[in-house]
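Participant:
Protein chains in written order, with the numbering used here: chain A, 1 to 264; chain B, 1001 to 1264.
1) Given a limit of 8 Å on CB to CB distance, which residues of the stretch 1110-1138 of chain B reach chain A?
2) Please name the residues in the stretch 25-40 of chain A whose beta-carbon is closer than 8 Å to at least one beta-carbon of chain B, in chain order.
3) For residue 1087(B), which beta-bridge partners are listed by DSSP?
4) Candidates 1157(B), 1254(B), 1224(B): which alpha carbon is nearest residue 68(A)'s?
5) Could you tell me whether the stretch 234-246 of chain A touches the stretch 1020-1031 of chain B, using the rule of 3 or more Cβ pairs below 8 Å?
6) If you draw a straight line from the alpha carbon of residue 1211(B) to that of residue 188(A), how long is it in whole angstroms?
7) Taking the alpha-carbon of residue 1167(B) as reference, which of 200(A), 23(A), 36(A), 156(A) has the nearest alpha-carbon?
8) For residue 1059(B), name the three-state secondary structure that DSSP assigns.
9) In angstroms with no decimal places, state the Cα-to-Cα distance between residue 155(A) and residue 76(A).
10) Helix or strand or just coil, what does DSSP make of residue 245(A)?
11) So within the stretch 1021-1050 of chain B, which uninterrupted alpha helix (DSSP H) runs reach at least 4 residues, ignoring any that extend past its ends?
12) Determine, using beta carbons only, whether residue 1233(B) comes closer than 8 Å to chain A.
13) Nearest CA to the CA of residue 213(A): which residue from 1255(B), 1061(B), 1071(B), 1183(B)?
14) At least one CB of chain A closer than 8 Å to the CB of residue 1153(B): is that the case?
15) Where DSSP assigns a beta bridge to residue 155(A), which residues make up the other side?
16) Report yes or no: is there a C-beta of chain A within less than 8 Å of the C-beta of residue 1227(B)?
17) So which residues on chain B does residue 251(A) lean against when the C-beta distance must stay under 7 Å?
18) Kindly indicate which residue of 1031(B), 1095(B), 1243(B), 1103(B) has the alpha-carbon position closest to the one of residue 219(A).
19) Is residue 1150(B) helix, strand or coil when you go by DSSP?
20) Buried or exposed for residue 1039(B), please, with buried defined as at least 16 other CB atoms from any protein chain shown within 10 angstroms of its CB.
21) Could you pull the start and end residues of the alpha helix (DSSP H) that residue 1207(B) belongs to?
22) On the CB-based measure, 16 or more other CB atoms within 10 Å of its CB, does residue 1102(B) come out buried or exposed?
23) Taking 8 Å as the CB-CB cut-off, is residue 1236(B) touching chain A?
24) Anything in chain A within Cβ reach of residue 1163(B), meaning under 9 Å, just list it in chain order.
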């Protein structure tokens, strides 16, 4: 069983993971970060040691969690000098598990499908945690660890995980960017973003119960050309948002015009 | 004070409005719809009369609510034969209040900023209801009516309302379409949409507390070209979604690369 971890990284996910593991009795022994300040900041929150030298990592942890940006994973791995039987995982959606295979005999992935920010604590209990490992004993350890945090632990291979990450980019990153655009459009007319919050929440809650195709409303779904052309005119000061409007509208309305749409 | 209404329309908004007004003691006297079935269906829910003839509208209601699709409003108005002092409102985001001016001396707009579906009951109490009227006594009546439903009643002119509707299209219609895309991407790999639900909810709840620019995460924000080019490749079977991915990514990353971004 995993009782202690070293966390390599001090970003959004590393932070929330450390904060979630600690109250479950999993000891975060040490936090590494390339620069010392973020490592210290996180380490203090969970009463851990910290370092900015990979050669100074403690060697006796049950699990090493690499939670750095994707492009830094290789560099971290090359500088690790751990025992070849250490259990090492990364937390990246789009990186294959096999990048770890040269560095240890026990490796895997621990990927919580959620958006994390340093300043916003999240409740892990319903977050799908996608796990993968190169052997059954490692998988079991990761499963036990994941189950201490969440009731939704999923065995997912690297290919499926990449698909999940891609879908997550659409339903989180791009969705959030649409919030940014909405906020900007209102700001230019001195209207507060607060007015949109009940709509934003209902939009998300609605697809808990309805398939998103059933939940779709609005001028594009109705193919209401008068409103669409009016709104495109209003977007003239924002040529980029006008393009997004056009693209999304043209992507939406054909779906709902089909007379024999299976899903509706 | 408004104690009785006639609802012209039996669509998503008309339905939810009738269902919300009734328990507040506002009597829905009659429901009109172009075809009889939807009118009957809604009328039965709120114990009202129903008709598919505009010439058969009851003449003694305190308020007439036109809640039909935008392109049908003019046609409805031309066929109305009501007393010139009747209070008439429409519920459309993008239609000017003044379209009503030829038909009565008392008119306005009653626009709840929310997404409505027939099958999903909504809680009106926090929905911003945007009202506008051509004179102060009508405005007062609409305000009282709106306040029986919601604690967020906003006086909003037609220009501001159009801006709100435009922003709503981004944060609801387009967001929901991204859910459709996410669901489709997972379906092709036999992964369930349920896996995305905690992420979808957190994405919406996050901007209750953080400005959406602070909430942004992901490969586009980090300008992580390796992941971006990988994900574009994965989207080759969906050329349209590939274009949306490209557009959104190119719209996101420049915002977060600016060294002196005011908002961050």
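A virtual CB, placed ideally from N, CA and C, is assigned to each residue, including glycine.
Facilitator: Concretely, from the data shown:
1) Flagged, chain order: 1113, 1114, 1115, 1116, 1117, 1119, 1120, 1122, 1126, 1127, 1128.
2) Flagged: no residues at all.
3) The partner list for residue 1087(B) (beta bridge, DSSP) reads 1106(B).
4) Measuring from the Cα of residue 68(A), the nearest candidate turns out to be 1224(B).
5) With a cut-off of 8 Å, the stretch 1020-1031 of chain B and the stretch 234-246 of chain A do not count as touching, because too few Cβ pairs lie within range.
6) Each residue's alpha carbon lies about 16 Å from the other.
7) Out of 200(A), 23(A), 36(A), 156(A), the CA that lies nearest to the CA of residue 1167(B) is found in 200(A).
8) Residue 1059(B) falls in the coil class under three-state DSSP.
9) Roughly 25 Å between the two C-alpha positions.
10) Three-state result, residue 245(A): helix.
11) The qualifying runs are 1036-1046.
12) No, no contact with chain A.
13) Minimum Cα distance to residue 213(A) is reached at 1183(B).
14) Chain A places no beta carbon closer than 8 Å to that of residue 1153(B), leaving this residue out of the contacts.
15) Residue 155(A) is bridged to 131(A).
16) At least one CB of chain A lies nearer than 8 Å to the CB of residue 1227(B).
17) Chain B residues near residue 251(A): 1177, 1240, 1244.
18) The residue with the shortest Cα to Cα distance from residue 219(A) is 1095(B).
19) Three-state DSSP puts residue 1150(B) in coil, outside helix and strand.
20) By the neighbour-count definition (other C-beta atoms within 10 Å, threshold 16), residue 1039(B) is a buried residue.
21) Counting along the chain, the alpha helix (DSSP H) containing residue 1207(B) begins and ends at 1197-1209.
22) Looking at its Cβ environment, which holds fewer than 16 other Cβ atoms inside 10 Å, residue 1102(B) is exposed.
23) It does not: the Cβ of residue 1236(B) has no partner Cβ on chain A nearer than 8 Å.
24) Chain A residues near residue 1163(B): 185, 186, 188, 189, 191, 234.
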